[in-house]
Amino acid sequence: MEGTRTNQRLSTAEFDLDGMLGGLAKWLRIVGFDTAFPRFTPRGGRWFVTAVKSKGGLLTVWVSCSRPLDQLKEVLAQADLSLDPCLFFSRCVLCNEPVVEVPKEDVAGKVPDKIFDLVSCFHQCPACGRVYWVGSHLERTKERLAMAGIPLDLHRLAVEEAIWGEPF
Ligand SMILES: [Zn+2]
31 MEGTRTNQRL STAEFDLDGM LGGLAKWLRI VGFDTAFPRF TPRGGRWFVT
81 AVKSKGGLLT VWVSCSRPLD QLKEVLAQAD LSLDPCLFFS RCVLCNEPVV
131 EVPKEDVAGK VPDKIFDLVS CFHQCPACGR VYWVGSHLER TKERLAMAGI
181 PLDLHRLAVE EAIWGEPF
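Per the working numbering: the sequence shown = residues 31 to 198.
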């Protein structure tokens with residue numbers, strides 16, 4: 031159904047990020063990965079991401095770059111993952127919760143009037159209440175990823191209709 035994103039679309043890769051990696055945490059959530067931050071010790075079954083060489087264990091990504099998008103590139107390479115644009119903005123950027131579709135009337139007064147008039151489908155974070163919708167920020171996100179040298183499967187993006195988020 032057009033405009034529907036279900037939890038089955040959520041990525042299976044999960045990350046715990048060491049302190050000082052807040053910028054990377056935001057980007058990992060934007061592209062749809064379950065990302066806990068800050069977590070200072072590894073947990074079983076989840077990738078642990080750290081800049082500290084002496085930390086970590088089996089499922090660990092060590093980042094050496096300082097810019098979040100360069101760190102994202104390091105994570106994708108070391109964890110052997112690619113980005114699925116269909117998962118972008120499937121989680122709250124602030125608290126990592128999967129967003130859920132909500133009736134349009136539920137967001138009246140919570141989004142700008144212009145957005146409310148133009149957009150028919152809204153998603154919301156069940157934890158913090160932040161509202162997400164389809165917007166031009168998706169193009170900006172793709173551009174920033176491309177400029178950082180992170181490839182996207184644009185054919186897959188083109189055949190998917192439901193991409194969510196709000197400007198950040
Ligand atoms: Zn939230």
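By construction, the Cβ of each residue, glycine as well, lies at the ideal position given by its N, Cα and C atoms. Note that the coordinates shown come from a computational prediction; the quantities given were computed from them, not determined experimentally.
With a threshold of 8 Å between beta-carbons, can Arg73 be considered close to chain B, or not?
Here chain B cannot be found, since the structure has a single protein chain.
If Ala107 and Ala43 are in contact, beta carbons under 8 Å, what's the gap, nearest whole angstrom?
Rounded, the Cβ-Cβ distance is 13 Å, inconsistent with contact.
Does the Cβ of Leu124 have 16 or more other Cβ atoms within 10 Å, making it buried, or fewer, making it exposed?
exposed
Considering only C-alpha positions, which residue in the set Val61, Val79, Asp64 and Phe63 is nearest to Met202?
For residue 202 there is no data in the structure shown, the boundaries of the chain being 31 and 198.
Check whether the Cβ of Arg160 lies closer than 7 Å to any heavy atom of ligand 1, and answer yes or no.
Within the cutoff, so yes.
Give me the residue from Leu148, Asp136 and Val91 with the minimum Cα distance to Cys155.
Asp136
In angstroms with no decimal places, state the Cα-to-Cα distance between Val105 and Ile145.
The alpha-carbon atoms of Val105 and Ile145 are separated by roughly 34 Å.
Rounded to whole angstroms, what's the CA-CA distance from Leu102 to Trp163? Just pull it up for me.
24 Å
Which residues share a DSSP beta bridge with Leu113?
Leu182
I need the boundaries of the alpha helix (DSSP H) containing Thr42, first residue and last residue.
Run containing Thr42: none; DSSP gives neither H nor E here.
When the Cα of Arg76 is compared with those of Gly52, Asp48, His153 and Pro128, which residue comes out closest?
If we check each option's Cα against that of Arg76, Asp48 comes out closest.
Can you look up Asp48 in the DSSP assignment and give me helix, strand or coil?
coil
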